[in-house]
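A short worksheet on the structure shown next.
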Amino acid sequence: MKKDEIIRAWQDPDFRAELSDAERALLPENPAGLLELTDEALEDVVGGGSCVCWSCDNPAPKAPG
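Each residue of the sequence shown is one higher than the one before, starting from 1126 at the first, in the numbering used here.
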């Protein structure tokens, strides 16, 4: 597999899905790391569940200093 095809397979999920099992097996690991998280991993994600909105009734905290 050519270098540009490897990079495209890392970046383009549609192109990657069109590769045969043998071609996907030949792909080196993406240097950027994991591309997709499993459902189990997503259950452990913390931090996106709440929204803090500032308004006249709920002013933003004053900066220290």
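For each residue, glycine too, the CB sits at the ideal point set by N, CA and C.
- Item | For D1164, three-class secondary structure by DSSP | helix
- In angstroms with no decimal places, state the Cα-to-Cα distance between E1163 and V1170. One detail in the question is off: residue 1163 reads as Thr in this sequence, not Glu. Distance between the alpha carbons of T1163 and V1170 is about 11 Å.
- Query: CB-CB under 8 Å to P1153, same chain, minus the five flanking residues each way: which ones, in chain order?
  - Reply: I1131
- Query: Hey, A1147 and R1141 are a contact pair by Cβ (cut 8 Å); roughly how many whole angstroms apart?
  - Reply: A1147 to R1141, Cβ: 13 Å. No contact.
- Assumed close pair M1126, L1151 - CB separation to whole angstroms, cut-off 8 Å: 6 Å
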